[in-house]
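So the structure is just underneath, and the comments pick up after that.
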Amino acid sequence: MNLKINLIVFYLFISLISSAQAYKSANEFSDIEIDAQITEVQPMTGIVFWTTNGNKDTDAISLEYSYMLFNEVVDGNSDYDWQAVEDKLNDVASRNHQAIFRFRYVYPGYETAVPDYIKNLSDYNETEGISEGQTTWFPDWTHSELESFTLEFYKKFAERYDNDPRLAFIQVGFGLWGEYHIYDGPFVLGETFPSKEFQTNFFEHLDTTFKQTHFSISIDAADDTYSPFSVNAELLSIHFGLFDDSFMHEDHSGYNTESWNFFDRNRYQHSPAGGEFSYYTTYDQQHVLDPTGNFGTSYEDFAEDFHISYMIGNDQPNYQTMDRIKEASIASGYKF
Numbered sequence: 012m013n014l015k016i017n018l019i020v021f022y023l024f025i026s027l028i029s030s031a032q033a034y035k036s037a038n039e040f041s042d043i044e045i046d047a048q049i050t051e052v053q054p055m056t057g058i059v060f061w062t063t064n065g066n067k068d069t070d071a072i073s074l075e076y077s078y079m080l081f082n083e084v085v086d087g088n089s090d091y092d093w094q095a096v097e098d099k100l101n102d103v104a105s106r107n108h109q110a111i112f113r114f115r116y117v118y119p120g121y122e123t124a125v126p127d128y129i130k131n132l133s134d135y136n137e138t139e140g141i142s143e144g145q146t147t148w149f150p151d152w153t154h155s156e157l158e159s160f161t162l163e164f165y166k167k168f169a170e171r172y173d174n175d176p177r178l179a180f181i182q183v184g185f186g187l188w189g190e191y192h193i194y195d196g197p198f199v200l201g202e203t204f205p206s207k208e209f210q211t212n213f214f215e216h217l218d219t220t221f222k223q224t225h226f227s228i229s230i231d232a233a234d235d236t237y238s239p240f241s242v243n244a245e246l247l248s249i250h251f252g253l254f255d256d257s258f259m260h261e262d263h264s265g266y267n268t269e270s271w272n273f274f275d276r277n278r279y280q281h282s283p284a285g286g287e288f289s290y291y292t293t294y295d296q297q298h299v300l301d302p303t304g305n306f307g308t309s310y311e312d313f314a315e316d317f318h319i320s321y322m323i324g325n326d327q328p329n330y331q332t333m334d335r336i337k338e339a340s341i342a343s344g345y346k347f
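Right, here's the structure in full:
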């Protein structure tokens, strides 16, 4: 009930602001003074725990994250059963939190999450390879049924969950973990990774499919090895958000920042900016929420610089107090 009330207030506030801003240029913003202190984490913002985290029942966060599998929803007969999604959404909502989902096909050490009805086709052939030292399977992106299914899946998902208050955001992508790369393993564009032509269709499809729910992609999609964005600038006008899964690592000012810049740092004005604290080293996780961060710059400064709405920090209860995590959550996103 508290979640619903918060969301109603949030959307009413947005409506009022939108009406006032109708008289202003679409790119013009002005400061609004608030005669109050923000003492609670706002909906759709903050540090994020996985749904499996033992500390998730807390007001230090408002969001929980989970990978989701296509073959948990679609079976060997191509039938859809949304119970796995419903169970996850209801579980998260029971704690007055909202969910962030990422459907993925590939995870190192596992078979793909491609539905069995596709795997059973005689001309569908996956690739077995080694990624992160583990035997890993990669989808057959030469097959038109996999492409058709992927488009159909998100259409059906949106028909059911677009604007569902239990769901905050979805993350989409291809390759390892859905993070838009196969940095380790058998990468072949159009075979183990979808073609740029299909990716173009995919993003245009999502743009018309999701009316309310924001979808985001990895900043790694800035790499023209994988994605069509550098050769099709029109795709950049689509209102998708970004996530950065190695946020605040030691060399973040290089590749990561360049990737954020490629997609335009003002994208936050219409879409969420998020990610996950770096796992490059244990040191990163241990110190990323220290007052001066892990390398001299605080999370609060990073959040302001990159206009961060949310950041996955699943391991932070191992290194920080819940008060500090709540403080970082409040420093993320809007403050109404």
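Sequential numbering of the sequence shown, starting at 12, is according to the working numbering.
Where is the CB? At the ideal position from N, CA and C, for every residue including glycine.
As assigned by DSSP and simplified to three states, the class of Met259: As a position in the sequence shown, residue 259 is number 248, starting the count at 1. Note: Met259 maps to coil in three-state DSSP.
contact_flag[the segment 163-172, the segment 128-140] where n(CB pairs < 8 Å) is 3 or more: No, they do not touch.
Proximity of Thr270 and Phe254 at Cβ, strictly below 8 Å: Here residue 270 is taken as the residue at index 259 of the sequence shown, counted from 1. Here residue 254 is taken as the residue at index 243 of the sequence shown, counted from 1. Before going further, note that residue 270 is Ser rather than Thr in the sequence given. Going by C-beta atoms, Ser270 is not nearer than 8 Å to Phe254.
Of the residues Glu202, Pro302 and Phe226, the one placed nearest Ala339, counting alpha carbons only: For the purposes of this step, residue 339 is identified with residue 328 of the sequence shown, where counting begins at 1. Residue Pro302 is the option with its Cα nearest to Ala339.
Beta-carbon separation (whole angstroms), Gly150 vs Val183, contact threshold 8 Å: By one-based count along the sequence shown, residue 150 stands at place 139. By one-based count along the sequence shown, residue 183 stands at place 172. The displayed chain sequence assigns Pro, not Gly, to residue 150. Actually they are not in contact, since the Cβ atoms of Pro150 and Val183 sit about 15 Å apart, beyond 8 Å.
Inter-residue Cα distance where the pair is Asp316 and Ile341: For the purposes of this step, residue 316 is taken as the residue at position 305 of the sequence shown. For the purposes of this step, residue 341 is taken as the residue at position 330 of the sequence shown. Asp316 and Ile341: Cα-Cα distance of roughly 15 Å.
Status (buried if at least 16 other CB within 10 Å, exposed otherwise) for Arg171: Numbered from its first residue, the sequence shown carries residue 171 at position 160. By the neighbour-count criterion, in which a residue is buried when 16 or more other Cβ atoms sit within 10 angstroms of its Cβ, Arg171 is exposed.
Simplified DSSP assignment, three categories, for Glu202: In the sequence shown, residue 202 corresponds to position 191, counting from 1. Glu202: coil per DSSP, three-state reduction.
Exposed unless 16 or more other CB atoms sit within 10 angstroms - verdict on Thr147: Locating residue 147 in the sequence shown gives position 136, counting from the first residue. Result: buried.
The segment 64-81 / the segment 102-111 touching (three or more Cβ pairs under 8 Å): Enough Cβ pairs lie closer than 8 Å, so yes.
Whole-angstrom C-beta distance between Ala71 and Val52, which should lie under 8 Å: Counted from its first residue, the sequence shown places residue 52 at position 41. Counted from its first residue, the sequence shown places residue 71 at position 60. Beta-carbon to beta-carbon, Val52 and Ala71 are separated by about 7 Å, close enough to satisfy the 8 Å threshold.
Inter-stretch contact (C-beta, 8 Å, three-pair minimum) for the segment 82-89 and the segment 120-135: Yes: the two stretches touch, three or more of their Cβ pairs being nearer than 8 Å.
Beta-carbon contacts of Arg113 that lie in its chain and below 6 Å, excluding the five residues immediately before and after: Your numbering for residue 113 matches position 102 in the sequence shown. Taken in chain order, the residues that qualify are Tyr78, Gln182 and Gly189.
8 Å Cβ cutoff, Ile228 in contact with chain C: Absent here is chain C; the protein component of the structure consists of one chain.
Burial state of Thr63 (16 or more Cβ within 10 Å): Locating residue 63 in the sequence shown gives position 52, where the first residue counts as 1. The residue in question, Thr63, is exposed, as its Cβ has fewer than 16 Cβ neighbours within 10 Å.
Check whether Ser186 and Val117 have beta carbons under 8 Å apart: Taking the sequence shown and counting its residues from 1, the one referred to as residue 186 is at position 175. Taking the sequence shown and counting its residues from 1, the one referred to as residue 117 is at position 106. Per the sequence shown, residue 186 should be read as Gly rather than Ser. Yes, they are a contact pair.
C-alpha distance - Glu208 paired with Glu158, whole-angstrom precision: On the sequence shown, position 197 is the one that residue 208 refers to. On the sequence shown, position 147 is the one that residue 158 refers to. Spanning the two alpha carbons is a distance of roughly 11 Å.
Where the alpha helix (DSSP H) containing Ala95 begins and where it ends: The sequence position of residue 95 within the sequence shown is 84, counting from 1. Element bounds for Ala95: Gln94 to Ala104.
Simplified DSSP state of Thr147, which is helix, strand or coil: Mapped onto the sequence shown, residue 147 falls at position 136. In this structure, DSSP gives Thr147 an extended state, which the three-state scheme calls strand.
Euclidean distance between Cα positions of Ala295 and Tyr330: For the purposes of this step, residue 295 is identified with residue 284 of the sequence shown, where counting begins at 1. For the purposes of this step, residue 330 is identified with residue 319 of the sequence shown, where counting begins at 1. Looking at the sequence provided, one finds Asp at residue 295 rather than Ala. Approximately 11 Å between the Cα atoms of the pair.
Nonlocal neighbours in the same chain, by C-beta distance under 7 Å from Phe221, ignoring five residues either side: Translated into the one-based positions of the sequence shown, residue 221 becomes position 210. Only Ala169 and Asp173 meet the Cβ criterion.
DSSP three-state assignment for Ile230, whether helix, strand or coil: Mapped onto the sequence shown, residue 230 falls at position 219. It is helical.
Per-residue burial, His108 [other beta carbons within 10 Å of its own, 16 or more giving buried]: Along the sequence shown, one-based indexing puts residue 108 at 97. His108 is buried by the Cβ-count criterion.
Residue burial classification, Tyr194 (beta-carbon count within 10 angstroms, cutoff 16): What you label residue 194 is simply residue 183 of the sequence shown in a count that begins at 1. By the 10 Å Cβ count, Tyr194 comes out exposed.
Pro328 vs Phe180 beta-carbon contact at 8 Å: Reading the sequence shown from its first residue, position 317 is the one you call residue 328. Reading the sequence shown from its first residue, position 169 is the one you call residue 180. Taking the C-beta atoms as reference points, Phe180 is found no nearer than 8 Å to Pro328.
As assigned by DSSP and simplified to three states, the class of His225: Taking the first residue of the sequence shown as position 1, residue 225 is located at position 214. Note: His225 maps to strand in three-state DSSP.
Counted within 10 angstroms of its Cβ, other Cβ atoms place Phe226 as buried (16 or more) or exposed: Along the sequence shown, read from residue 1 onward, the residue named residue 226 stands at position 215. It counts as buried.
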